[in-house]
Amino acid sequence: MANTDVTKNYIDGKWRDSLAGTRIEVDDPSDGETIAVVAEAGPEDVEIAVAAAHRVFRDRVLIDMHPYDRGRMLCRVADALEARSDEIATINCAETGKALDLAHDEVRTAIRYLRYYGGLADKLEGRSIPRGANLVDYTVRSPFGVSAQIVPWNGPLELTARSLACAIATGNSVVVKSPELAPLSGVEIARACETAGLPAGAVNVLSGRGQTAGQALINHPDVRHIVFTGSMATGRTVLKTASDRIVPCIMELGGKSAAVVYSDADVDGVVEAVRIGTFLNAGQNCNNLTRLLVERSVADELVERVKVCVQGLSVGPGRENCDITPLISQKQRQGVERACQTALSQGARLVIGGTALSERSGYFMAATVFADVGQESNLFQREVFGPVLAVTEFDDPAMAVDLANGTDQGLAAGVFTRDIDRALWTADLLWAGQVYVNGWYVGGVETPFGGVKQSGYGREKGREALDGYVQTRNVGIRISQPSSGSSSSRRRCAK
Ligand code: NAD
Numbered sequence: 192m193a194n195t196d197v198t199k200n201y202i203d204g205k206w207r208d209s210l211a212g213t214r215i216e217v218d219d220p221s222d223g224e225t226i227a228v229v230a231e232a233g234p235e236d237v238e239i240a241v242a243a244a245h246r247v248f249r250d251r252v253l254i255d256m257h258p259y260d261r262g263r264m265l266c267r268v269a270d271a272l273e274a275r276s277d278e279i280a281t282i283n284c285a286e287t288g289k290a291l292d293l294a295h296d297e298v299r300t301a302i303r304y305l306r307y308y309g310g311l312a313d314k315l316e317g318r319s320i321p322r323g324a325n326l327v328d329y330t331v332r333s334p335f336g337v338s339a340q341i342v343p344w345n346g347p348l349e350l351t352a353r354s355l356a357c358a359i360a361t362g363n364s365v366v367v368k369s370p371e372l373a374p375l376s377g378v379e380i381a382r383a384c385e386t387a388g389l390p391a392g393a394v395n396v397l398s399g400r401g402q403t404a405g406q407a408l409i410n411h412p413d414v415r416h417i418v419f420t421g422s423m424a425t426g427r428t429v430l431k432t433a434s435d436r437i438v439p440c441i442m443e444l445g446g447k448s449a450a451v452v453y454s455d456a457d458v459d460g461v462v463e464a465v466r467i468g469t470f471l472n473a474g475q476n477c478n479n480l481t482r483l484l485v486e487r488s489v490a491d492e493l494v495e496r497v498k499v500c501v502q503g504l505s506v507g508p509g510r511e512n513c514d515i516t517p518l519i520s521q522k523q524r525q526g527v528e529r530a531c532q533t534a535l536s537q538g539a540r541l542v543i544g545g546t547a548l549s550e551r552s553g554y555f556m557a558a559t560v561f562a563d564v565g566q567e568s569n570l571f572q573r574e575v576f577g578p579v580l581a582v583t584e585f586d587d588p589a590m591a592v593d594l595a596n597g598t599d600q601g602l603a604a605g606v607f608t609r610d611i612d613r614a615l616w617t618a619d620l621l622w623a624g625q626v627y628v629n630g631w632y633v634g635g636v637e638t639p640f641g642g643v644k645q646s647g648y649g650r651e652k653g654r655e656a657l658d659g660y661v662q663t664r665n666v667g668i669r670i671s672q673p674s675s676g677s678s679s680s681r682r683r684c685a686k
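Residue numbers for the sequence shown follow the numbering used here, so the first one is 192 and each next one is one higher.
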């Protein structure tokens with residue numbers, strides 16, 4: 192492919208080839224064909240990007256701007272995305288393999304994050320702390336500096352937008368490391384930042400691999416804040432590196448989210464929750480519905496209904512808006528297949544699916560349901576990140592909650608019942624960052640999102656997210672009183 196076809200990195204307001212001249216080929220997961228070639232950023236490119244972002248911070252380019260103007264800038268980035276939303280959705284669909292409608296949703300969500308945090312930029316306030324007659328005291332909510340943002344491939348547009356928007360709204364500068372498997376969405380965000388006229392260096396977007404560009408970024412001494420969204424395994428590596436320089440991190444990691452289904456639940460509602468919660472984007476969502484915990488008396492009926500639902504799902508490329516779209520890569524599909532084989536060997540009962548759809552050219556995996564999944568098994572305990580549902584039966588509410596909470600993760604959880612008391616009792620006890628009642632993905636841009644236990648810490652989305660992008664500094668001022676004794680120095684309340 193000619194050099195002019197290579198998509199470059201956005202560094203310090205310019206489009207630059209990588210210094211080493213290496214490339215990443217981007218595949219369409221539905222057929223494995225190369226759809227783009229991007230310049231692969233390496234440590235030398237990271238160096239230039241961090242230097243630019245650090246200069247923006249050091250020179251207070253964003254900090255000294257009126258917060259309203261920072262917010263307006265984010266709204267202009269949103270406008271630029273909106274102006275090309277159809278084209279961007281098509282790119283996002285092609286590189287991630289997800290359904291085109293879902294890609295359109297992702298563009299809309301990215302736009303909403305930018306406008307939401309754009310609107311909040313001038314509403315983040317400190318406080319004044321009363322300390323008696325001789326002291327004035329106030330707090331300032333200051334940015335950290337260069338925020339390094341590491342993005343996974345499953346939602347590259349909206350996940351880049353959500354962290355970047357919070358960082359810019361609060362006056363941090365940003366270096367994004369886009370996922371090597373789906374870097375084109377990040378390029379579109381960079382284009383929108385350029386169109387919106389962001390100061391050079393405020394946002395830098397690099398396409399690079401985790402071990403090289405990602406590692407160089409989090410290692411960089413001028414990086415003062417890390418937002419990592421990805422797997423628990425990589426999260427641990429990032430945290431170890433960050434601990435050397437005591438860099439604060441927001442950790443958005445994986446999950447093994449369970450839905451508790453009581454016998455009085457609306458079965459149609461549960462089946463619909465499984466359809467979207469387990470199978471949308473081929474199950475490659477951090478908070479997808481991976482474990483269905485069902486009251487024993489209704490388990491057989493529900494499993495049968497889920498099976499019928501799965502039989503009705505269409506399989507094919509995202510551009511045709513099929514229900515079951517491909518996994519991101521061959522490696523990902525092999526991992527999901529292995530998880531299915533392990534589930535069988537550990538005694539789970541296969542209800543439907545369980546194999547790769549290798550007659551197709553892309554990375555398709557059959558929608559899969561296992562029943563009788565034991566609590567100690569890998570399928571119950573470990574994230575698969577594919578279209579695989581594990582069903583386990585329970586006898587009473589206490590057992591249901593124990594099962595739901597019986598993993599190291601705690602990203603999302605759900606409860607299905609018509610009994611409001613039972614719904615609230617269960618929601619209170621489910622140990623997860625977000626609990627959905629009688630539905631799945633019952634959250635939005637404006638609701639805080641994040642994990643408990645090993646699913647991570649810090650919050651994205653909602654107003655709470657901004658707290659993770661600022662550090663409170665305190666200013667204490669000693670003031671002198673007029674010399675004592677004179678009548679003019681006596682302090683009195685106003686009449
Ligand atoms: P991953 O951990 O393999 O990679 C995530 C990112 O980290 C990629 O950009 C990768 O290049 C980078 N990376 C890899 N090694 C690195 C290193 N040593 N230093 C710095 N960066 C490095 O995860 P993935 O497979 O891309 O994404 C899937 C995972 O992401 C799942 O576990 C999913 O649950 C999780 N996820 C979480 C959320 C959330 O908000 N909690 C959202 C989406 C995805």
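From the three backbone atoms N, C-alpha and C, an ideal C-beta is built for every residue, glycine too.
How about residue i and residue j: do their beta carbons lie closer than 8 Å?
i: A595; j: L621; result: yes
i: A404; j: G204; result: no
i: M442; j: Y648; result: yes
i: R400; j: E371; result: yes
i: I215; j: G362; result: no
i: A418; j: S454; result: At residue 418 the sequence reads Val, which differs from the Ala that was named. The answer is no: Cβ separation not under 8 Å.
i: G635; j: Q625; result: no
i: L615; j: A360; result: no
i: A618; j: L602; result: no
i: A356; j: L291; result: no
i: V564; j: T546; result: no
Heavy atom of ligand 1 less than 7 Å from the Cβ of residue i, yes or no?
i: V342; result: yes
i: G346; result: yes
i: I409; result: yes
i: G368; result: A small fix is needed here, since residue 368 is Lys in this sequence, not Gly. Flag set: Cβ of K368 near ligand 1.
i: S376; result: no
i: S422; result: yes
i: G647; result: yes
i: T139; result: The structure shown does not extend to residue 139, since the chain is modelled only from 192 to 686, so the question has no answer here.
i: A217; result: Here residue 217 is Val; the residue named in the question, Ala, does not match the sequence. The answer is no for V217.
i: T516; result: no
i: F406; result: Before going further, note that residue 406 is Gln rather than Phe in the sequence given. Within the cutoff, so yes.
i: T638; result: no
i: L355; result: no
i: F576; result: yes
i: R400; result: yes
i: E443; result: yes
i: G288; result: no
With 16 other CB atoms within 10 Å as the buried threshold, where does residue i fall?
i: A685; result: exposed
i: P412; result: exposed
i: R682; result: exposed
i: A274; result: exposed
i: V666; result: exposed
i: A193; result: With a pLDDT of 42 at A193, under the threshold of 50, the modelled position of that residue is not reliable, and the figure given next carries that caveat. A193 comes out exposed.
i: T638; result: exposed
i: R540; result: exposed
i: T598; result: buried
i: S671; result: exposed
i: N345; result: buried
i: E318; result: The residue you asked about is not Glu; residue 318 is Arg in the sequence shown. Classification of R318: exposed, given that the 10 Å Cβ count is below 16.
i: P508; result: buried
i: V327; result: exposed
i: D560; result: Looking at the sequence itself, residue 560 is Val, so the reference to Asp does not match. So V560 ends up on the buried side.
i: G212; result: exposed
i: I202; result: buried
i: Y259; result: exposed
i: Q406; result: buried
i: I611; result: exposed
i: A324; result: exposed
Less than 8 Å between CB atoms is the rule here; does residue i satisfy it with respect to chain D?
i: R382; result: The chain labelled as chain D is not found in the depicted structure, where only one protein chain is given.
Quiz item: Per the contact definition of three or more C-beta pairs closer than 8 Å, is the stretch 363 to 378 in contact with the stretch 344 to 354?
Solution: yes
Quiz item: Taking one C-beta from the stretch 469 to 479 and one from the stretch 429 to 436 each time, how about it: are there three or more such pairs within less than 8 Å?
Solution: no
Exercise. Could you say if the stretch 410 to 430 and the stretch 333 to 349 meet the contact criterion of at least three C-beta pairs nearer than 8 Å?
Key: yes
Quiz item: Is the stretch 508 to 518 in contact with the stretch 478 to 493, if contact means three or more CB pairs nearer than 8 Å?
Solution: no
Practice problem: Decide yes or no for the touch test of the stretch 572 to 579 against the stretch 524 to 537: beta carbon pairs closer than 8 Å, at least 3 of them. | Solution: yes
Quiz prompt | Inter-stretch contact at 8 Å, needing at least 3 Cβ pairs: the stretch 238 to 247 / the stretch 392 to 401 | solution = yes
Practice problem: Take every Cβ of the stretch 646 to 665, pair it with every Cβ of the stretch 443 to 455, and state whether three or more of those distances are shorter than 8 Å. | Solution: Counting C-beta pairs with one atom in each stretch, the stretch 646 to 665 and the stretch 443 to 455 have three or more that are closer than 8 Å, which means they touch.
Quiz item: So, do the stretch 293 to 307 and the stretch 255 to 274 have three or more beta carbon pairs nearer to each other than 8 Å?
Solution: Verdict: yes, contact present.
Exercise. Spell out a yes or no on whether the stretch 215 to 223 and the stretch 282 to 292 are touching, meaning 3 or more CB-CB pairs, one atom from each, closer than 8 Å.
Key: Touching, yes, given that three or more Cβ pairs across the two stretches are closer than 8 Å.
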